[in-house]
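Let me begin by presenting the structure, written as structure tokens, before commenting on it.
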């Protein structure tokens, strides 16, 4: 069906808009990602979905379309730990590279994927460069114990174009939620995802359940999928779509706060990460527990995984 017919369904405003079925959503998103529609139609799609909001069925359809077009990372011997990184640092140092390296140190393959979505923040590639880790030039398998970074355009040029629409219209669109939910691996993976507002914990969890994902979901740090070093957030796990509470979380700040750097530039953040990895500074408590939960999910046997 042509995109104009879909826009008529989803573009009737928050109260009048109709939700699409999974197959319809896949058809619509496929047209958008393939570049088969005009810029005006892409803008209409982005704004209509922004006002209406995606249902779990629609997001599942968007993911179906994405997977049919994705340049996927080959499967390895162990599940790939996936860290989407699209927010960067605004007030606090971006510690996604530290999380990736801590998990890799435990013998798992780790992939960070992302792109800069605005100009005023410090993003993961800046910190990785300061650590001597460069973006993948081509799709390949990630070795056990390796932390690698893949720019979004390497996985899907069409998805990167859709993410870049934000620079033109100033608003996030469905792709910004999708990249936090997708599995870019052709095999088993643990998707580590985060939300900024409580209502997204419900909607994102529903998508993980519907897609049968193995994932860790928590309220991250400024949109990054890293436990806030100052707090103990709730962490929910999903094993083949089955929700499990891994960490109930605590209100307020931790009593023993980490010695985080005051500056958030890439070089300062990289130096802090190196200090933690070398044992000169402690691993933040919440991040240490996050690593433990990721390891549990990576080796999870559904009948025997115990909740906390």
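Residue numbers (our numbering): 972 to 1279.
All C-beta atoms, glycine included, are put in the ideal place defined by N, C-alpha and C.
Under the three-pair Cβ rule at 8 Å, the stretch 1062-1080 counts as touching the stretch 1111-1120. By the neighbour-count definition (other C-beta atoms within 10 Å, threshold 16), residue 994 is an exposed residue. Ranked by Cα distance from residue 1030, the first of 998, 1009 and 1059 is 998. Residue environment analysis places residue 1234 among the exposed positions, since fewer than 16 neighbouring C-beta atoms fall within 10 angstroms of its C-beta. For residue 1098 against residue 1068, the beta-carbon gap comes to about 5 Å, under 8 Å, which counts as contact.
In the assembly as shown, residue 1189 is a buried residue. Its beta-carbon has 16 or more other beta-carbons within 10 Å. Under the Cβ criterion (8 Å, minimum of three pairs), the stretch 1117-1135 does not count as touching the stretch 1160-1171. Around the C-beta of residue 986, fewer than 16 other C-beta atoms lie within 10 Å, and the residue is accordingly described as exposed. Residue pairing for residue 975: DSSP places it in no beta bridge.
Within the same chain, Cβ atoms closer than 6 Å to the Cβ of residue 1015 are found at 978, the five residues on either side in sequence being excluded. Within its own chain, the residues whose Cβ lies closer than 6 Å to the Cβ of residue 1194, once the five positions on either side in sequence are excluded, are 1058 and 1167, listed in chain order.
Contact between the stretch 1199-1216 and the stretch 1173-1182 is established, with three or more Cβ pairs separated by less than 8 Å. Here residue 1222 is exposed, its C-beta having fewer than 16 other C-beta atoms within 10 Å. Taken through DSSP and simplified to helix, strand or coil, residue 1150 comes out as coil. Going by beta carbons, residue 1244 and residue 1063 fall outside the 9 Å limit. Distance check between residue 1104 and each of 1011, 1091, 1122 and 1088 places 1122 closest, using alpha-carbon atoms only.
DSSP links residue 1028 through a beta bridge to no other residue. For residue 1191, the three-state secondary structure derived from DSSP is strand. When the beta-carbon positions are compared, residue 1240 and residue 1075 stay at least 9 Å from each other. Contact between residue 1055 and residue 1150 holds: CB atoms are separated by about 5 Å, below the 8 Å threshold. Partner residues in a beta bridge of residue 1205, as assigned by DSSP, do not exist.
Taking 9 Å as the cut-off, the beta carbon of residue 1191 is found no closer than this to the beta carbon of residue 1051. Residue 975 has its alpha-carbon roughly 28 Å from the corresponding atom of residue 1126. Within a 10 Å sphere around the beta-carbon of residue 1048 sit fewer than 16 other beta-carbons, which makes this residue exposed. No residue range can be given for residue 1057, since it is assigned to no beta strand (DSSP E) and is classified by DSSP as neither H nor E. Under the three-state reduction of DSSP output, residue 1105 falls in the coil class, being neither helix nor strand. Bridge partners of residue 1120 according to DSSP: 1083.
Taken through DSSP and simplified to helix, strand or coil, residue 1113 comes out as coil. Looking from the CA of residue 1100, the closest CA among 1263, 1236, 1247 and 1046 belongs to 1236. When secondary structure is reduced to three states using DSSP, residue 981 falls in the helix class. In the three-state reduction of the DSSP assignment, residue 1218 falls in the strand class. In the structure shown, residue 1008 adopts coil according to DSSP, grouped into three states.
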